[in-house]
Amino acid sequence: MTAYKSDPGRTVQQSFCYDHTRNWSVSVSWGYSVELYPSLLRAKDLETAFQTFKTWRSWSDGPFTFNTRPVSGDPCKKPLVYFMERVADAGNGLTRSEYKRYDDVSAKMCEREDYKPVLEVQYVNVSAPLLLPHYWKEAPRRQCCEIINDADGVNNVVNVKIRGCNQFESVTPR
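Throughout, the working numbering is defined as the position within the sequence shown, counted from one, plus 3.
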């Protein structure tokens, strides 16, 4: 509810971006959660929701009237998930939200070397301008984001800035 009060137009809107230096993908569902992947995923995969449910009667995987992607049993293919802890007005029409990693102690962690740096990340901080209501009547109907690599060397925090997309900006990894 706090996220909605801070920026009702942006609540649960999805943005995703890439960190090409670390080969990470980030999906932000503003005001709710952030998914951090230790690999570069296609935009189509990032925008498609996980199927975390089955049909009521038959417990089958469908059919559903919307697209989903299966949840992998391989812990190395699962994202780390961060849930919103707080959101604050940062002044000048900006918000700053903080997401803390959800630790599923029963889940098996990936032991690959390229996965270890992502396990250090405990928080994701997201800054974003207030999303004006008229934005959704204009094209494009997506906002872009970028991962800000700070020079302070803090490995347990990832900073993400949501912004409007630049002309001809691609939402796919290079």
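Where a beta carbon is used, it is the ideal one built from N, C-alpha and C, also for glycine.
It should be emphasised that the depicted structure is a prediction, and the values quoted were computed from it without experimental measurement.
Label residue 100 either buried or exposed according to how many other C-beta atoms from any shown protein chain fall within 10 Å of its C-beta, with 16 as the threshold for buried.
Position 97 of the sequence shown, counting from 1, holds the residue named residue 100. Classification of residue 100: buried, given that the 10 Å Cβ count is 16 or more.
If we ignore side chains and look at the alpha-carbon of each, how far apart do residue 136 and residue 114 end up?
Within the sequence shown, the letter at position 133 stands for residue 136. Within the sequence shown, the letter at position 111 stands for residue 114. For residue 136 and residue 114, the distance between alpha carbons rounds to 44 Å.
Please report the straight-line C-alpha distance between residue 52 and residue 95, rounded to a whole angstrom.
Translated into the one-based positions of the sequence shown, residue 52 becomes position 49. Translated into the one-based positions of the sequence shown, residue 95 becomes position 92. If I take the Cα positions, the gap works out to 33 Å.
Name the residue from 103, 50, 27 whose alpha carbon lies nearest to the alpha carbon of residue 69.
Reading the sequence shown from its first residue, position 66 is the one you call residue 69. Closest by alpha carbon: 50.
Taking just the CA atoms, how far does residue 47 sit from residue 179?
Here the chain comprises residues numbered 4 to 177, so residue 179 is not present and cannot be evaluated.
Would residue 11 count as contacting chain C if we go by Cβ distances under 9 Å?
Among the chains of the structure shown, chain C does not appear; only one protein chain is present.
Alpha carbon to alpha carbon, how far is residue 40 from residue 27?
Counting from 1 along the sequence shown, the entry for residue 40 is found at position 37. Counting from 1 along the sequence shown, the entry for residue 27 is found at position 24. Whole-angstrom Cα-Cα distance: 6 Å.
With DSSP run on the structure shown, which of helix, strand or coil describes residue 168?
On the sequence shown, residue 168 is found 165 positions in, with the first residue counted as 1. Here residue 168 sits in coil by DSSP.
Find the nearest neighbour of residue 161 within the set 152, 168, 8, 169, judged by alpha-carbon distance.
As a first step, residue 161 must be located in the sequence shown, where it is residue number 158. When each option's Cα is compared against that of residue 161, the closest is 152.
Relative to the C-alpha of residue 15, which residue among 141, 174, 86, 91 is closest?
Within the sequence shown, residue 15 is the residue found at index 12, counting from 1. If we check each option's Cα against that of residue 15, 86 comes out closest.
By alpha-carbon positions, which one of 97, 72, 169, 42 ends up nearest to residue 83?
The count along the sequence shown starts at 1 and reaches residue 83 at position 80. It is 42 whose Cα lies nearest to the Cα of residue 83.
Near residue 105, which residues of its chain fall below 6 Å by C-beta distance, leaving aside the five closest residues on each side in sequence?
Counting from 1 along the sequence shown, the entry for residue 105 is found at position 102. Around residue 105: 84, 86.
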